[in-house]
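Following: one structure in structure tokens, then a few remarks.
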């Protein structure tokens with residue numbers, strides 16, 4: 139059935155999109171280590187490069203935001219020990235037939251023109267030359283996240299384009315085996331590129347002056363958005379006069395999901411979904427700090443990137459969970475369903491958390507608010523199922539995975555315990571004092587672990603809201 143489904147999808151895509159469908163692999167496809175937070179170790183990176191080979195991803199971009207020599211201290215050369223480590227990593231990439239793309243983010247204080255611009259140009263070239271000597275043949279220059287506290291940036295698109303063109307010309311004239319540059323603009327998502335139906339001056343000037351061979355990456359409508367349609371990609375392509383590449387911010391979790399501003403507290407364990415079937419020049423997936431658990435989403439992304447026209451997120455997710463977790467796949471799927479949707483005031487991506495659980499909880503709450511008798515059977519079954527899965531994973535999950543998700547598993551169990559007490563409170567018609575205490579404990583724990591906010595966690599709040607409401611006279 140899955141083979142037949144893919145044939146149908148490919149046929150329909152061809153009918154509706156004609157020759158624009160990308161039925162072959164995206165030319166540049168891989169992982170961008172581009173998150174904020176603790177950078178991966180050498181072993182993490184070597185592992186992910188091997189993972190890329192195994193999944194037919196052909197590129198890895200080195201761009202950790204908190205590597206000082208990548209961003210804050212970009213002018214300074216890497217110390218000898220760090221340079222030696224990078225050379226070993228480049229060798230690992232060559233052995234795995236994966237392109238090692240070295241990125242610099244100089245935009246915080248780069249001078250684009252004049253005497254200072256010439257000095258900065260020489261310093262940047264010196265940095266890239268040092269990488270060339272250790273075997274790097276692919277380079278990227280990123281200008282993302284340069285806005286001030288008021289949400290403004292002061293970049294000049296024309297000067298930025300001229301600077302990049304100068305870098306590209308210098309490298310490719312001296313080194314015949316260097317690939318075209320990859321860049322990320324300062325206005326790197328569509329809604330920031332336009333004002334109404336007009337292209338903003340920065341984006342317009344950058345697009346009009348940038349060397350046609352330079353690869354431009356963007357993130358969709360927003361920094362973190364719920365998908366990119368073929369029409370949206372075409373609209374962005376039109377602005378730049380070229381096929382854009384996509385920097386996809388899932389499963390990355392380096393942005394706050396709680397009012398306290400805590401990062402890396404929720405795991406994005408869902409499938410890559412809602413991306414174009416139309417042709418694109420590149421696709422890079424930005425992972426979490428949690429390298430092992432990032433592989434769930436990244437592996438589905440590899441399936442997508444190798445044939446976008448027939449990609450099916452659900453079947454890819456099932457396939458990946460089975461391959462990565464074997465006999466524990468059923469339990470891992472239950473846990474992962476509670477932890478795949480990422481959302482705050484400006485970010486929204488990933489399938490809903492635990493939809494069957496959420497539906498069962500909603501039906502109970504809806505009946506209770508209407509003062510009807512509720513059937514708790516379905517919800518109790520989902521609580522039992524989730525609890526069994528979490529306990530099995532805590533006992534049997536290999537340590538490399540457990541190291542990355544133990545707080546979330548424990549938080550899920552605590553939440554499910556509260557869910558049980560919430561049900562008993564509804565049955566009794568009065569609030570068990572334990573429930574508020576547990577909710578406070580869960581809230582305190584969210585500084586280190588967030589899970590199932592709109593399903594298991596929401597049910598607790600809804601029950602308290604019903605039973606703790608002032609009684610009308």
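Numbering (the working numbering), first residue to last: 139 to 611. Each residue gets a CB set at the ideal place from its N, CA and C atoms; glycine is no exception. Since the structure is predicted, the reported quantities are computational estimates derived from the model, not experimental observations.
For the beta strand (DSSP E) that contains residue 361, what are its first and last residues? Here residue 361 belongs to no beta strand (DSSP E), and DSSP marks it neither H nor E.
At which residue ranges does the segment 148–215 contain complete alpha helix (DSSP H) runs of 4 or more residues, listed in the order of the chain? 180–192
Which residue from 438, 229 and 423 puts its Cα closest to that of residue 450? 438
Own chain partners of residue 165 with C-beta closer than 8 Å, once the 5 adjacent residues on each side are dropped: 419 and 420
Return the chain-ordered ranges of every beta strand (DSSP E) run that is complete within the segment 258–342 and spans a minimum of 3 residues. 276–280 and 320–322
In the DSSP assignment, what residue or residues form a beta bridge with residue 410? In DSSP, residue 410 forms no bridge with anything.
Check the C-beta distance from residue 594 over to residue 553 and give it rounded, since I have them as a contact under 8 Å. 5 Å
Short of 7 Å in beta carbon distance, which residues of its chain neighbour residue 331, apart from the five on each side in sequence? Order them along the chain. 325, 337, 338, 341 and 377
Spatial neighbours of residue 272 in its chain, beta-carbon cut-off 8 Å, leaving aside the 5 residues before and after: 221, 224, 225 and 228
Tell me whether residue 484 is buried or exposed, calling it buried when 16 or more other Cβ atoms sit within 10 Å of its Cβ. exposed
Are residue 175 and residue 424 closer than 7 Å when you measure CB to CB? no
For residue 485, which residues does DSSP report across the bridge? 362
Among 241, 265 and 187, the one whose alpha carbon lies nearest that of residue 217: 265
When you compare the CB positions of residue 328 and residue 290, do they come within less than 7 Å of one another, or not? no
Thinking C-alpha only, which one of 410, 398, 344 and 275 is nearest residue 379? 344
In or out: residue 282 buried (at least 16 other Cβ within 10 Å) or exposed? buried
Between residue 422 and residue 199, how many whole angstroms is the CB-CB distance? I'm expecting something under 8 Å. 6 Å
Quick one: grab the DSSP three-state call for residue 352. coil
For residue 539, which of helix, strand or coil comes out of DSSP? helix
Which residue marks the beginning of the beta strand (DSSP E) containing residue 421, and which one marks its end? 420–423
Identify every residue that forms a DSSP beta bridge with residue 237. 197
So, residue 320 versus residue 353, is the Cβ gap smaller than 7 Å? yes
Limits of the unbroken alpha helix (DSSP H) element including residue 439: 429–444
Within 10 Å of its beta-carbon, does residue 584 have 16 or more other beta-carbons around it, so buried, or fewer, so exposed? buried
When you compare only the Cα positions, how much space is there between residue 596 and residue 210? 40 Å
Check whether the Cβ atoms of residue 194 and residue 444 lie closer than 7 Å to each other. yes
Rounded to whole angstroms, what is the Cα-Cα separation between residue 392 and residue 284? 17 Å
Go ahead and label residue 600 buried or exposed: buried means 16 or more other beta carbons lie within 10 angstroms of its beta carbon, across all protein chains shown. buried
Between the segment 554–570 and the segment 517–537, do three or more beta carbon pairs fall short of 8 Å? yes
By how many angstroms is the C-alpha of residue 185 removed from the C-alpha of residue 428? 12 Å
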